[in-house]
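Residue 1 is where the sequence shown starts when you use the numbering used here, and the numbers rise one by one after that.
Cβ coordinates follow ideal geometry from the N, Cα and C atoms, glycine included.
Okay, so here's the structure we're looking at.
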Amino acid sequence: MRSEATTKYPVVEKVIIRKIRGVSFMNEDGKEVELKPSKINIITGSNGSLKTLFLEALSTALLHYSRSPNNVVGLLPTLRMDDSWLYYLASEEVSMTVNDLTLSNASSEEVLKLLLPTSFGHPLRYSGLKVTGPSEEETLIAYYSVATSTGNSNSVQVSRKGRSREIDFVAYSMPNPMNSLFYGNFLSCVSPGLAKGKEEIKRVLGLDFIGYVPDELGRNQIAVLDERGKMLYLPMLGGGISSMVLLLLASSLDVVVYDNVENHLHKTLMVKLIEIMRTSRAQWFVTTQSLEFLEFLDEGKDIQVWQFKRFREKDEVLVRVHRGKEIGEYINELGIDLRG
Numbered sequence: 001m002r003s004e005a006t007t008k009y010p011v012v013e014k015v016i017i018r019k020i021r022g023v024s025f026m027n028e029d030g031k032e033v034e035l036k037p038s039k040i041n042i043i044t045g046s047n048g049s050l051k052t053l054f055l056e057a058l059s060t061a062l063l064h065y066s067r068s069p070n071n072v073v074g075l076l077p078t079l080r081m082d083d084s085w086l087y088y089l090a091s092e093e094v095s096m097t098v099n100d101l102t103l104s105n106a107s108s109e110e111v112l113k114l115l116l117p118t119s120f121g122h123p124l125r126y127s128g129l130k131v132t133g134p135s136e137e138e139t140l141i142a143y144y145s146v147a148t149s150t151g152n153s154n155s156v157q158v159s160r161k162g163r164s165r166e167i168d169f170v171a172y173s174m175p176n177p178m179n180s181l182f183y184g185n186f187l188s189c190v191s192p193g194l195a196k197g198k199e200e201i202k203r204v205l206g207l208d209f210i211g212y213v214p215d216e217l218g219r220n221q222i223a224v225l226d227e228r229g230k231m232l233y234l235p236m237l238g239g240g241i242s243s244m245v246l247l248l249l250a251s252s253l254d255v256v257v258y259d260n261v262e263n264h265l266h267k268t269l270m271v272k273l274i275e276i277m278r279t280s281r282a283q284w285f286v287t288t289q290s291l292e293f294l295e296f297l298d299e300g301k302d303i304q305v306w307q308f309k310r311f312r313e314k315d316e317v318l319v320r321v322h323r324g325k326e327i328g329e330y331i332n333e334l335g336i337d338l339r340g
């Protein structure tokens with residue numbers, strides 16, 4: 001059960017990015033990137049600027065705090081639609097700090113020690129990351145590819161020792177198609193704030209949330225009632241409304257990490273989402289390449305735009321932080337950068 005009285009906000013107060021997949025991050029002064037996140041943090045930049053990799057690294061660090069780490073791990077492949085995301089993230093140097101937690105590469109010995117006994121011998125491929133905190137706190141997350149009699153079997157395992165706090169958070173992007181595994185992991189993550197999420201779905205969309213029910217084909221689906229009292233499954237609502245239902249369910253958590261916010265959302269829904277971000281309980285980390293979405297952001301101390309710009313010849317990412325009036329002033333520059 002969540003204890004709102006003891007949850008400290010914002011959950012993420014400091015992020016220092018040194019390297020992700022061997023690529024160095026720096027600010028305009030050529031120094032390491034130290035960010036002081038606001039309530040709403042929008043990450044933007046052209047293709048290949050490592051926005052999604054940053055979300056994966058941030059989410060891996062936050063697993064140390066999570067009340068539902070295995071469910072979050074089940075959702076993380078949707079960020080880049082790749083079940084092997086952890087293998088590639090951890091295959092090169094990662095160095096990042098989130099609050100008082102340090103994210104780094106795990107050694108081969110640490111990864112193999114976590115591997116459960118198997119009759120098929122040594123894994124073909126493996127990699128992992130570890131999160132270390134104060135007072136010997138540690139989380140290890142490891143990816144394995146093991147040969148079996150029917151082919152390779154891939155898995156992710158999480159081991160944690162000691163936690164100074166607990167949070168409810170979710171990290172995902174809207175999958176296509178959605179399936180029962182996604183629904184199950186997602187609802188497990190959002191269950192602490194489900195009552196409030198239902199209220200928001202009714203207020204914003206006029207729909208009554210039913211929950212997780214089997215359809216005519218025996219598949220478990222998320223279902224709602226429309227204004228006529230007709231039951232509709234999530235895929236029947238269309239991409240935009242389906243996305244909003246899930247985001248509203250997530251909005252009562254402590255942290256929401258979401259990739260490609262513009263997917264499925266037209267102008268009206270983008271404006272509604274920004275309002276939800278402002279009024280919700282959650283702290284948001286969201287990526288976008290939509291100039292239209294950025295233009296809808298108005299001034300306020302609760303919003304930051306982090307612009308990632310990659311210089312491939314140097315293998316570096318420059319991070320610029322825009323706040324308040326700066327967001328509007330930099331829209332034209334951001335628009336040019338997003339075309340790449």
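Quiz prompt | Beta-carbon contacts of P341 that lie in its chain and below 8 Å, excluding the five residues immediately before and after | solution = Any answer about residue 341 is impossible in this case: the structure gives the chain only from 1 up to 340.
Quiz item: Using CA coordinates, which residue listed in V224, A171, Y330 is at the minimum distance from V257?
Solution: If we check each option's Cα against that of V257, A171 comes out closest.
Practice problem: Kindly provide the ranges of any alpha helix (DSSP H) runs that are 4 or more residues long and lie completely inside the stretch 161–198, ordered along the chain. | Solution: Residue ranges of uninterrupted alpha helix (DSSP H) with 4 or more members, entirely inside the stretch 161–198 and ordered along the chain, are 180–190.
Self-check item: Reference S59; option with closest CA among V286, V319, L294
Solution: Nearest option by C-alpha distance: V286.
Exercise. Could you spell out where the beta strand (DSSP E) holding Y144 opens and where it closes?
Key: First-last of the beta strand (DSSP E) with Y144: 138–148.
Exercise. Give a yes or no on contact between the stretch 254–270 and the stretch 290–298, applying the rule of three or more CB pairs nearer than 8 Å.
Key: Yes: at least three Cβ pairs fall under 8 Å.
Quiz item: Rounded to the nearest angstrom, how far is the Cβ of L253 from that of L194, given a contact under 8 Å?
Solution: Rounded, the Cβ-Cβ distance is 10 Å, inconsistent with contact.
Practice problem: Starting from the N-terminal side, write out each stretch of the beta strand (DSSP E) that is 3 residues or longer and does not extend beyond the stretch 224–308. | Solution: Complete beta strand (DSSP E) runs here, min 3: 231–233, 255–258, 283–288.
Quiz prompt | Continuous beta strand (DSSP E) stretch holding V98: start and end | solution = 95–98 is the extent of the beta strand (DSSP E) around V98.
Quiz item: Per DSSP, Y212 forms a beta bridge with which residues?
Solution: In the DSSP assignment, Y212 is bridged to I222.
Quiz item: Would E32 pass as a contact of I20 if the rule is Cβ separation under 9 Å?
Solution: Cβ distance not < 9 Å, so E32 and I20 don't count as in contact.
Practice problem: Grab me the residues of R67's own chain with a C-beta within less than 6 Å of its C-beta, minus the 5 sequence neighbours each way, in chain order. | Solution: Hits under 6 Å: E166, D168.
Quiz item: Given 8 Å as the limit, is there contact between the stretch 21–40 and the stretch 307–326, that is, 3 or more CB pairs closer than that?
Solution: Between the stretch 21–40 and the stretch 307–326, the count of C-beta pairs closer than 8 Å reaches three or more; the two stretches touch.
Quiz item: Counting Cβ pairs, one atom from each stretch, are 3 or more of them under 8 Å apart for the stretch 106–115 and the stretch 79–88?
Solution: The way I'd put it, the stretch 106–115 doesn't touch the stretch 79–88; fewer than three beta-carbon pairs between them come closer than 8 Å.
Practice problem: Classify L115 as helix, strand or coil using the three-state DSSP reduction. | Solution: Three-state DSSP puts L115 in coil, outside helix and strand.
Quiz item: What three-state label does DSSP hand V11 in the structure shown?
Solution: V11 falls in the coil class under three-state DSSP.
Quiz item: Count the other CB atoms within 10 Å of the CB of K51; is the residue buried (16 or more) or exposed (fewer)?
Solution: Counting other Cβ atoms within 10 Å of its Cβ, K51 reaches 16 or more and is therefore classed as buried.
Exercise. Kindly indicate the opening and closing residues of the alpha helix (DSSP H) around Y325.
Key: Contrary to the premise, residue 325 reads as Lys rather than Tyr in this sequence. It spans 325–329 - the alpha helix (DSSP H) in which K325 sits, taken as one unbroken run.
Quiz item: Does the beta-carbon distance from N220 to G184 come in below 9 Å?
Solution: Yes, Cβ-Cβ distance for N220 and G184 is below 9 Å.
Exercise. Would you identify the three-state DSSP class for E109, choosing helix, strand or coil?
Key: It is helical.
Quiz item: So S127 is in the beta strand (DSSP E); what residue range does that whole segment cover?
Solution: Unbroken beta strand (DSSP E) run through S127: 125–132.
Quiz item: Looking at C-alpha atoms only, which residue of Y144, I201, N99 is the closest neighbour of K113?
Solution: Relative to K113, the option among Y144, I201, N99 whose CA is nearest is Y144.
Quiz prompt | Cβ pair V255, A282 closer than 9 Å | solution = Yes. Within cutoff.
Quiz item: What are the start and end residues of the beta strand (DSSP E) that includes N41?
Solution: Looking at the DSSP string, the run of the beta strand (DSSP E) that includes N41 is 40–45.
Quiz prompt | Which of helix, strand or coil DSSP assigns to R203 | solution = Annotated three-state conformation of R203 is helix, per DSSP.
Quiz prompt | Proximal residues to P69 (C-beta, below 6 Å), its chain only, five neighbours per side dropped | solution = If we look at P69 and ignore the five residues flanking it on each side, its Cβ neighbours are L63, V158.
Quiz item: Between the beta-carbon of L101 and the beta-carbon of V94, is there less than 9 Å?
Solution: No Cβ-Cβ contact shorter than 9 Å links L101 with V94.
Quiz prompt | Member of L205, R203, A223 whose CA lies at the smallest distance from the CA of G211 | solution = The candidate whose alpha carbon is nearest that of G211 is A223.
Exercise. Determine the burial state of P134: buried for a count of at least 16 other Cβ atoms within 10 Å of its Cβ, exposed for fewer.
Key: Note on P134: under 16 other CB atoms within 10 angstroms of its CB, so exposed under the neighbour-count rule.
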